[in-house]
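Comments concern the structure below.
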Amino acid sequence: MMETAQTDVISRAASGDAGAMAELYTQYFDGVYDFLARMLRNQQDAEDAAQDTFVKAFRGLPGLEQPERFKSWLFSIAHNTAMTQLRRKGREVPFPDDSRGGGDGDGGSGIFDVADADRLTQPEQALGIAATAQLVWEAAAGLEERQYAVLDLNVRQGLESPEIAEAIGVTRNHAAVLLNRAKASLRSSTSALFLLREGSGRCEQLRHEVGASHGGTLTPDLAAAIGRHSRSCITCQSTQAGLMTPEVVFGALAPVVAAGAFKAGVWATVAGGIGLAAGTGAIAGAGAGAAAGAAAG
Numbered sequence: 691m692m693e694t695a696q697t698d699v700i701s702r703a704a705s706g707d708a709g710a711m712a713e714l715y716t717q718y719f720d721g722v723y724d725f726l727a728r729m730l731r732n733q734q735d736a737e738d739a740a741q742d743t744f745v746k747a748f749r750g751l752p753g754l755e756q757p758e759r760f761k762s763w764l765f766s767i768a769h770n771t772a773m774t775q776l777r778r779k780g781r782e783v784p785f786p787d788d789s790r791g792g793g794d795g796d797g798g799s800g801i802f803d804v805a806d807a808d809r810l811t812q813p814e815q816a817l818g819i820a821a822t823a824q825l826v827w828e829a830a831a832g833l834e835e836r837q838y839a840v841l842d843l844n845v846r847q848g849l850e851s852p853e854i855a856e857a858i859g860v861t862r863n864h865a866a867v868l869l870n871r872a873k874a875s876l877r878s879s880t881s882a883l884f885l886l887r888e889g890s891g892r893c894e895q896l897r898h899e900v901g902a903s904h905g906g907t908l909t910p911d912l913a914a915a916i917g918r919h920s921r922s923c924i925t926c927q928s929t930q931a932g933l934m935t936p937e938v939v940f941g942a943l944a945p946v947v948a949a950g951a952f953k954a955g956v957w958a959t960v961a962g963g964i965g966l967a968a969g970t971g972a973i974a975g976a977g978a979g980a981a982a983g984a985a986a987g
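Residue numbers (the numbering used here): 691 to 987.
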């Protein structure tokens, strides 16, 4: 539940308070940018989408009748902006060949699958996270776009099913079903990738079934074959037991961060677009609590 102090900030921002707007921008920008970068797999595209998202959000904020819906409303704009950009470009997000490099050759090698142990709730989990971060991101990046969105919105951005329903425009029941399926798909794909890359050296039958023609790439048919095999193979089940919970690892992936100059520049564009005189300096004046992160909102 959103705290009263937070709804007060949102209400003041909706009334045109420049300081409140800057506080909201500072609090939510990083989460929105990370979501967009991971949806689009390209930082240049994410920058364009982030600017569009915040311009639309602050222009539309006076019409938001329920301040407690701000977070799901903001991510609805971000999600719609990302999907519009993907449709306009007539392409799917780049996977698997360039998903680790930021997509479309933007040079951000490894920006998506880097683990941040500080995001873990249990410090002892830090020992195993680096080894599985790449597998988990590869599995997440292979999800269908809407499945990926609901997974990210829940695990990384802290939205529950009712908020996800608002963010992607479905019923609450449908959002809950989509989220359960997304988590199940993440687990099964991560397990299949793990067995494909690690298990064939321990299980002769698995090695025989997967063959050598896949090149380490997980196809739907191959994932299904590995899943069927592992359900009846004690050796592979034992191998899988050493794998960290994929949702935990996914939530602990380090945020994709925009350059500080870009973040300030977007605020200048947003402020100018809605007629504020605060400009970029308003960011520095935002409250100290604003950096607490969108997940707490």
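C-beta: ideal position from N, C-alpha, C; glycine also.
All values reported here derive from a predicted model rather than from experimental measurement.
Of the listed residues the options, nearest to residue i (C-alpha basis)
i	options	result
N870	V946, V860, Q837 and A944	Q837
V745	D735, Y715 and S922	Y715
S878	A915, M729 and Q741	A915
I819	Y718, V947, A874 and P936	P936
L896	V860, A949, Q927 and V939	Q927
P910	V939, P752, R728 and S875	S875
Q756	F725, G950, D806 and T697	T697
D742	Q717, T771, M729 and A727	T771
S890	S920, V867 and L868	S920
T774	L966, L726 and I801	L726
L943	D707, K779, R846 and R778	R846
F884	A951, T929, C923 and G780	T929
Residues near residue i by beta carbon distance below 7 Å, same chain, minus five either side
i	result
F748	M711, V960 and I964
H769	A839, A857 and I858
V956	A740, Q741 and F744
R892	T925 and T929
E888	T929
Chain-order list of residues whose beta-carbon lies under 6 Å from that of residue i (same chain, five-residue window excluded)
i	result
Q824	D803
I700	P757 and F760
L868	V840
L966	A708
A951	none
Assigned exposure category for residue i - 16 Cβ within 10 Å defines buried
i	result
S705	exposed
K953	buried
E737	buried
T694	exposed
K873	buried
A949	exposed
T822	buried
A740	buried
L817	exposed
T907	exposed
D724	buried
A660	Since the displayed the chain opens at 691 and closes at 987, residue 660 lies outside it and no answer follows.
E828	buried
T811	exposed
Separation of residue j from residue i, as counted between CA atoms
i	j	result
A703	G832	38 Å
A857	K761	9 Å
A855	A865	5 Å
D796	P813	Confidence in D796 is poor, its pLDDT being 41 and thus under 50, which makes the residue's placement unreliable; the coordinate value appears in the next sentence. D796 and P813: Cα-Cα distance of roughly 33 Å.
S766	G941	20 Å
V946	W763	22 Å
P786	R728	Model confidence at P786 stands at a pLDDT of 41, short of 50, so the residue's coordinates are unreliable and nothing is read from them.
M934	L751	41 Å
T925	Q734	44 Å
G753	D707	15 Å
E713	A931	44 Å
L843	V939	15 Å
A805	V860	31 Å
G917	R777	33 Å
E894	R809	37 Å
V826	I801	14 Å
C923	G780	42 Å
T880	H898	20 Å
Proximal residues to residue i (C-beta, below 8 Å), its chain only, five neighbours per side dropped
i	result
E834	none
R649	This structure does not reach residue 649, given that the chain is present from 691 up to 987, and the question cannot be answered.
L912	A882, L886, V900 and H904
L849	K761, S762, F765, L843 and A857
C-beta neighbour in chain B for residue i, strict 7 Å
i	result
S705	Checking the listed chains, one finds no chain B in this structure; it contains a single protein chain.
Residue ranges of each alpha helix (DSSP H) within the region 811-886, 4 or longer: 816-831, 835-845 and 851-858
Inside the region 942-970 only - alpha helix (DSSP H) runs reaching at least 4 residues: 950-963
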